[in-house]
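Peer 1:
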Amino acid sequence: MNASIIGVAACLVLSGIFSSVETAFTSLTVFQIESIKKRRRGGALVERLARKPDELISTILIGNNIVNILASVLATEWALKRWGDEVLGLVTGALTFLILIFGEVTPKRVAIAHNEAVASALAPLLLVCTYLFKPLVLIVNFLSSLVTRLFGKPNKDGLSMDTMVQMLSIAEHMGIIDYAKSSMVKNVFRLGSTTVQAVMTHRIDVFSLDKRTSAEEACRLVLDPGHSRIPVYDGESENIVGMTTTHLAINEVLSGRGGRLLADIMIEPLFVMPNKPLGDLFNLFKKRKETFAVVIDEYGGLAGIVTMRDVVEEIVGEIYESTGEVSRERIHKRADGSYTVTGDTPIAVVAELSGTEIPSLPYVQTIAGYVAWALDRIPVPGDLVETEMGTFTVLKTDANRVDETLFRPPGGT
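Residue numbers (the numbering used here): 669 to 1081.
(1) Which same chain residues end up closer than 6 Å to Thr881 when comparing Cβ atoms and leaving out the 5 residues on each side of it in sequence?
(2) If you compare alpha carbons, which of Glu982, Thr1010 and Glu702 is closest to Ser851?
(3) First and last residue of the alpha helix (DSSP H) that includes Gly947?
(4) Quick one: is Met1057 buried, meaning 16 or more other Cβ sit within 10 Å of its Cβ, or exposed?
(5) Please determine if the region 1037–1049 and the region 966–976 are in contact, where contact requires at least 3 C-beta pairs separated by less than 8 Å.
(6) From what residue to what residue does the alpha helix (DSSP H) around Lys720 run?
(7) Distance check for Gln834 and Ser861, CA to CA, integer angstroms please.
(8) Name the two residues that bound the continuous beta strand (DSSP E) containing Pro899.
(9) Have a look at Gly947, Ala886 and Glu906 and flag the residue whose alpha-carbon is nearest the alpha-carbon of Leu916.
(10) Mind checking who Leu1074 pairs with in its DSSP beta bridge?
(11) Cβ atoms of Val689 and Ile728: under 8 Å apart, would you say?
(12) Considering only the beta carbon of each residue, do Asp965 and Pro945 sit closer than 8 Å?
(13) So, Pro937 versus Ala961, is the Cβ gap smaller than 8 Å?
(14) Whole angstroms are fine: how far does the CA of Gly752 sit from the CA of Leu713?
(15) Indicate the three-state DSSP secondary structure (helix, strand or coil) for Thr764 in the structure shown.
(16) Could you check whether the region 1030–1042 touches the region 1060–1070, counting it as contact only if at least three pairs of C-beta atoms, one from each stretch, sit closer than 8 Å?
(17) Compare the Cα-Cα distances from Met923 to each of Pro775, Thr959 and Ala883 and report the closest residue.
(18) So, at 6 Å on beta carbons, what are the nonlocal neighbours of Tyr1007 in its own chain, with the 5 sequence-adjacent residues on each side left out?
(19) What residue does the beta strand (DSSP E) around Met911 start on, and which one ends it?
(20) Under the DSSP definition of a beta bridge, which residues are partnered with Ser851?
(21) Would you kindly check if the distance between the Cβ of Leu717 and the Cβ of Leu794 is under 8 Å?
(22) Just verifying my parser: in three-state terms, what is the DSSP assignment at Glu1054?
(23) Give a yes or no on whether the C-beta atoms belonging to His895 and Thr912 are separated by under 8 Å.
(24) Measuring CB to CB, does Leu756 end up less than 8 Å from Thr744?
(25) Cβ of Ser687 within 8 Å of Cβ of Asn732?
(26) Which residue wins for smallest C-alpha separation from Tyr1052, given the options Val1032, Thr1073 and Gln1033?
(27) Given Ile918, which residues of its chain have a CB within under 7 Å of its CB, disregarding the five upstream and five downstream residues?
(28) Taking 8 Å as the cut-off, decide whether the C-beta atoms of Asp722 and Asn783 are in contact.
(29) Quick one: using the 10 Å Cβ neighbour count with 16 as the cut-off for buried, is Asn670 buried or exposed?
(30) Please tell me whether Val909 and Val921 are closer than 8 Å, where the distance is taken between their beta carbons.
(31) Excluding five sequence neighbours on each side, which residues of the same chain lie with their C-beta closer than 8 Å to the C-beta of Leu806?
(32) Pull the bridge partners of Phe939 from the DSSP assignment, please.
(33) For the ligand HEM, any of its heavy atoms closer than 7 Å to the Cβ of Ile734?
(34) Go to Leu891, then tell me how far its beta strand (DSSP E) extends in each direction, as first and last residue.
(35) Where Ala779 and Ala1019 are concerned, what is the direct C-alpha to C-alpha distance, given to the nearest angstrom?
(36) Suppose contacts are defined by Cβ-Cβ distances below 8 Å. Is Ile685 in contact with Leu804 by that definition?
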């Protein structure tokens, strides 16, 4: 067989190898690279090459262009010797077709389907090429960097939280992960952007007792609300000075000390600010071995209370301690595609529901605050406001606060 034909065939094989390794490496995710490193032989080499994408791409493109040009030269030489320049155009067209099929499309399709295996198998060959083409790679990267500077600094933010959430949504739609698990993981990511203010029990709903209340009286008063932890105030209900538990009060009564004041048995509570991220609060609860905190505003007054249960419910959804407990689900879907949404629902939850960006409003964390902000006045039942997230209709209010709304996402009927 003619040496030129053998050379063209060899160049086509090398072209296919370079094309497949390019697709394999560029399609590897961060997670796949870590997986290859742990599971496959030569995984460390794959990670080493993938860590330098500029050098990797330049090496592959230089190699691919060299073999494609060489194939063209050999095919042209063979055609000229055999038939002259009359069939040169036909030979060039045929070679282009062969490179397209065997040097580009087919290898890349195989590499997409088996990117981990291809990357692992061809990594040693690619390493050799990086050394062979090192001088050319340095020149090409230098010249290309001069051009890319015209377009500004490259974005090297890496894997962002938004990207992670998008990946979870894609995995959910593909059936790789079910809705419940996807929602929980997304909620964990959201802990860093959701603040205490969004989940706390507001001060007007907080049950508290004066420090001069006796343990016996406290037991009687706490029976109806059914609270296990009670903030203790001095003088005014906003001046929280301690905390007691139903267990402590009952223990005093059973020990024959029912007349003892809460001031004598209360303990110092954990104080936090409303703008504290839930992720930080969760870590603080673990560090202090606490499950309850008093939320104070910038003036030192009571803003509300927050518990570990509030934080956990942001991840797993509502938790019920008894079968008779009233449902506290914040969002209910209706038959017409709309939703009833409680006022204490975090904005981020509704933003995800509507597929829109979370509004950048530092002092607004809940739908109640968002609707009041959009109306620019105190809401009343029947108020309707159109926003970027969708349309809200106020259904119920309580003490000038939005208690429940009817929400229609954008494009809803």
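Virtual Cβ for every residue (Gly too), placed ideally from N, Cα, C.
Peer 2: Concretely, from the data shown:
(1) Leu930
(2) Of all alpha-carbon atoms in Glu982, Thr1010 and Glu702, the one lying nearest the alpha-carbon of Ser851 is that of Glu982.
(3) Per DSSP, the continuous alpha helix (DSSP H) segment holding Gly947 begins and ends at Leu946 to Arg956.
(4) buried
(5) no
(6) Taken as a continuous stretch (DSSP letters only), Lys720 belongs to no alpha helix (DSSP H), as it is neither H nor E.
(7) 16 Å
(8) Arg897 to Tyr901
(9) Residue Ala886 is the option with its Cα nearest to Leu916.
(10) The partner list for Leu1074 (beta bridge, DSSP) reads Thr1008 and Thr1061.
(11) For Ile728 and Val689, yes; Cβs fall inside 8 Å.
(12) no
(13) yes
(14) 48 Å
(15) Note: Thr764 maps to helix in three-state DSSP.
(16) yes
(17) The amino acid at residue 923 is misidentified as Met; the sequence shows Ser. Of the candidates Pro775, Thr959 and Ala883, the one whose C-alpha sits nearest the C-alpha of Ser923 is Ala883.
(18) Ile999, Lys1001 and Phe1075
(19) Ile908 to Thr913
(20) None; Ser851 has no bridge partner.
(21) yes
(22) Here Glu1054 sits in strand by DSSP.
(23) In this structure, His895 sits away from Thr912, with a CB-CB distance that is not shorter than 8 Å.
(24) Yes; because the gap between Cβ atoms is below 8 Å, this pair is in contact.
(25) It is a contact, given that the beta carbons lie within the stated cut-off.
(26) Tyr is not the amino acid found at residue 1052; the sequence shown has Leu there. The residue with the shortest Cα to Cα distance from Leu1052 is Thr1073.
(27) The answer, listed in chain order, is Cys887.
(28) no
(29) exposed
(30) no
(31) Nothing listed; no residue qualifies.
(32) Val962
(33) No copy of the ligand HEM appears in this structure; indeed no ligand is present at all.
(34) Counting along the chain, Leu891 falls outside any beta strand (DSSP E), and DSSP gives it neither H nor E.
(35) Distance between the alpha carbons of Ala779 and Ala1019 is about 38 Å.
(36) no
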